[in-house]
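Worksheet: one structure, shown below.
Protein chains: 2
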Amino acid sequence: MKLYHSTHAPNARRVRIFLAEKRIEVSFVDVDLARLNHREESFRAINPFETVPVLELDDGTKIAESIAICRYFEELRPSPALFGTTMIERVEVEMWQRRVEFFLLLPIAQVFRHTHPAMGRLESPQVPEWAASSRAKALASFARFDAALEGRPFIAGERFSIADVTGLVALDFTRPARLSIPENLRNLHRWRADLSARPGSVD
Amino acid sequence: MKLYHSTHAPNARRVRIFLAEKRIEVSFVDVDLARLNHREESFRAINPFETVPVLELDDGTKIAESIAICRYFEELRPSPALFGTTMIERVEVEMWQRRVEFFLLLPIAQVFRHTHPAMGRLESPQVPEWAASSRAKALASFARFDAALEGRPFIAGERFSIADVTGLVALDFTRPARLSIPENLRNLHRWRADLSARPGSVD
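Those protein sequence lines, which keep their order, are chains B and D.
Note that my numbering has the first sequence beginning at 1, numbered continuously upward.
Note that my numbering has the second sequence beginning at 204, numbered continuously upward.
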């Protein structure tokens, strides 16, 4: 079993944090996105959609998409449960995972892709107006998530989950995207600090 | 149990198709997106993220996000299984659901949101350059999905799944987005025709 990943790709980091929380070790294979290795024929044979991470099982099966890979490990090692344990928990974790992904990670990533000079080869053309619009969406989301975190330790409730993994990756991705989280959003800052203290947050 | 939805919203349609496949009936509550009803205080109390669909359970629990709602119904009525039956099937369905969502539905929806005059109130500002870039991404995806569908009836393999639900909604959303699927992509056209013949595709 090996994981094709990239140190800088936020989706690959999601899987690494998930594995650390599960205490699972795998072999890593680096894919250099800056050199466009993911667009080469050899990698397209592994994932025709040209994204990392990809998990290759021992029988050669290839699983792309960070959340699909995390679900694989959740089934392989159910404890600690990071996708919820009861029916309603599983459904709420899914809801929050998607909210964090679409309302937080996505607009932050769009700001990064459409403003950072190094992304010019990957995101072509970069559209400054879309970066500005995405920045406004991200700022509106910060306030929404701050409100959602009032009185709850984790975004899906009492337990740490995959939704928090996506949350930490999103919040840390504000740095290369050059977005600031307003000081007054105390719940959001507290959430980020708590998540940053967990295993796997630094790699 | 009732479902807040909108006839025209692609994410609400995903749930309606899913329910038809499961033969589950629920009560519907219309939310008029054109009149911005989803941004009113009364709806923000139901979903602070201002999206449809939202499922309200009899105990008042509110589940937002189409895929989270579908997972709720999958657990409530497991047969026919639309998220896979074996571990590897479940993981591959998740992978394909996400690929269809991010590589097909998302760019098509971006074209629609950033070009259609009626969307000016919901997507402000509309960015023509981002619409053009999204159009190119959608066209590139058409070819990729056509290749992926070679020799397989459904996008995740032999069985119809939630990934196909997202696929049909995405392909039909090309019409308001004014995108044409090239004639030579025969697998993609065959897939769409097969999915269009299923229950719940017309509503």
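All C-beta atoms in this analysis are idealised placements derived from N, C-alpha and C, irrespective of residue type, glycine included.
The beta strand (DSSP E) that contains B:A64, what's its start and end?
Start and end: 62-64.
Evaluate the contact criterion for the segment 183-199 of chain B versus the segment 229-237 of chain D: three or more CB pairs, one atom per stretch, below 8 Å.
Segments in contact, no.
For chain D, is any of its Cβ atoms less than 7 Å away from the one on B:R71?
Output row for B:R71: interface = yes.
Taking Cβ positions, are D:R280 and D:K225 nearer each other than 7 Å?
Yes, these two residues count as a Cβ contact at 7 Å.
Among B:Q110, B:F145, B:W130, B:V93, whose alpha-carbon lies nearest the alpha-carbon of B:I67?
If we check each option's Cα against that of B:I67, B:V93 comes out closest.
Look up D:V257 in the DSSP assignment and give the residues it is bridged to.
D:V257 pairs with D:Y207, D:A267.
From the DSSP output, which residues share a beta bridge with D:S230?
In the DSSP output, where bridge partners are listed per residue, D:S230 has D:K205.
Taking the alpha-carbon positions, what's the B:M87 to D:A339 distance?
Their Cα atoms are separated by approximately 40 Å.
Straight-line CA distance for D:I220 to D:T369?
Their Cα atoms are separated by approximately 9 Å.
Hey, D:R242 and D:E253: beta-carbon distance below 7 Å or not?
Yes. Within cutoff.
If I follow the unbroken alpha helix (DSSP H) through B:V207, where does it start and stop?
Here chain B covers residues 1 to 203 and nothing more, so residue 207 of chain B does not appear.
Could you give the distance in angstroms between the alpha-carbon of D:V218 and the alpha-carbon of D:P256?
The straight-line gap from Cα to Cα measures roughly 8 Å.
For D:F246, which residues of its own chain have a beta-carbon under 8 Å away from its beta-carbon, when the five flanking residues on both sides are left out?
Excluding positions up to five away in sequence, the list reads Y207, V234, N240, E253.
Go ahead and pull the three-state DSSP assignment for B:F83.
B:F83 falls in the coil class under three-state DSSP.
Against chain D, with Cβ distances strictly below 7 Å, would B:I181 count as a contact?
No, B:I181 does not count as interfacial toward chain D.
Bridge partners for B:F154 per DSSP, in chain order?
DSSP, once it has assigned bridges, lists B:G157 as partnering B:F154.
Does chain B have any CB closer than 7 Å to the CB of D:W394?
Chain B, which has no Cβ nearer than 7 Å to the Cβ of D:W394, makes this no.
Going by other Cβ atoms of all chains shown within 10 Å of its Cβ, with 16 needed for buried, is B:R121 buried or exposed?
With fewer than 16 Cβ atoms within 10 Å of its Cβ, B:R121 is classed as exposed.
Is the Cβ-Cβ distance between B:H114 and B:W130 less than 7 Å?
In contact: B:H114 and B:W130 (Cβ atoms closer than 7 Å).
Quick one: complete beta strand (DSSP E) runs, 3+ long, within the segment 68-127 of chain B?
Runs found: none.
Return the residue from the list B:V202, B:I155, B:G60, B:I108 that minimises the CA-CA distance to B:S180.
Checked all of B:V202, B:I155, B:G60, B:I108; the closest Cα to B:S180 is B:I108.
Quick one: does D:I247 have its CB under 7 Å from some CB of chain B?
At residue 247 of chain D the sequence reads Arg, which differs from the Ile that was named. So, not an interface residue.
Tell whether a beta-carbon distance below 7 Å holds between D:I272 and D:L258.
Their beta carbons are under 7 Å apart, which means D:I272 touches D:L258 by this criterion.
Considering only the alpha carbon of each residue, which of D:F348, D:V372, D:V405 lies closest to D:R389?
The residue with the shortest Cα to Cα distance from D:R389 is D:F348.
For D:R302, decide whether its Cβ has a neighbour in chain B, counting only Cβ atoms nearer than 7 Å.
D:R302 counts as touching chain B.
Quick one: list the residues of chain D neighbouring B:P176, beta-carbon separation under 8 Å, in chain order.
Ordered by position in chain D, no residue passes the 8 Å Cβ test against B:P176, which lies about 20 Å from the chain.
Going along chain D in order, which residues have a C-beta closer than 7 Å to the C-beta of B:S133?
Residues of chain D passing the Cβ test: P328, V330.
Run through chain D and tell me which residues come within less than 8 Å of B:G90, C-beta to C-beta.
As written in the sequence, residue 90 of chain B is Arg, which differs from the Gly given in the question. Those within 8 Å of B:R90 in chain D are R274, E278.
Which word fits B:R13, buried or exposed, when buried means at least 16 other C-beta atoms lie within 10 angstroms of its C-beta?
That one is buried.
Quick check on D:V405: does DSSP put it in helix, strand or coil?
D:V405: coil per DSSP, three-state reduction.
Using a 10 Å radius around the Cβ and a threshold of 16 neighbouring Cβ atoms, would you call D:P283 buried or exposed?
It is exposed - the Cβ of D:P283 has fewer than 16 other Cβ atoms within 10 Å.
Buried or exposed: where does B:E101 fall if 16 or more other Cβ atoms within 10 Å of its Cβ makes it buried?
With 16 or more Cβ atoms within 10 Å of its Cβ, B:E101 is classed as buried.
In the DSSP assignment, find the alpha helix (DSSP H) that holds B:A197 and state where it starts and stops.
Taken as a continuous stretch (DSSP letters only), B:A197 belongs to no alpha helix (DSSP H), as it is neither H nor E.
Could you check whether D:I365 and D:F306 sit closer than 7 Å to each other, using their CB atoms as the reference points?
No, Cβ-Cβ distance for D:F306 and D:I365 is not below 7 Å.
Can you check whether the C-beta of B:A64 is within less than 7 Å of a C-beta belonging to chain D?
With 7 Å as the cut-off, B:A64 counts as an interface residue toward chain D.
Could you name the residues of chain B that D:P310 contacts, counting a contact when the two beta carbons are closer than 7 Å?
By Cβ distance, chain B contributes nothing, its closest Cβ being about 12 Å from D:P310, past 7 Å.
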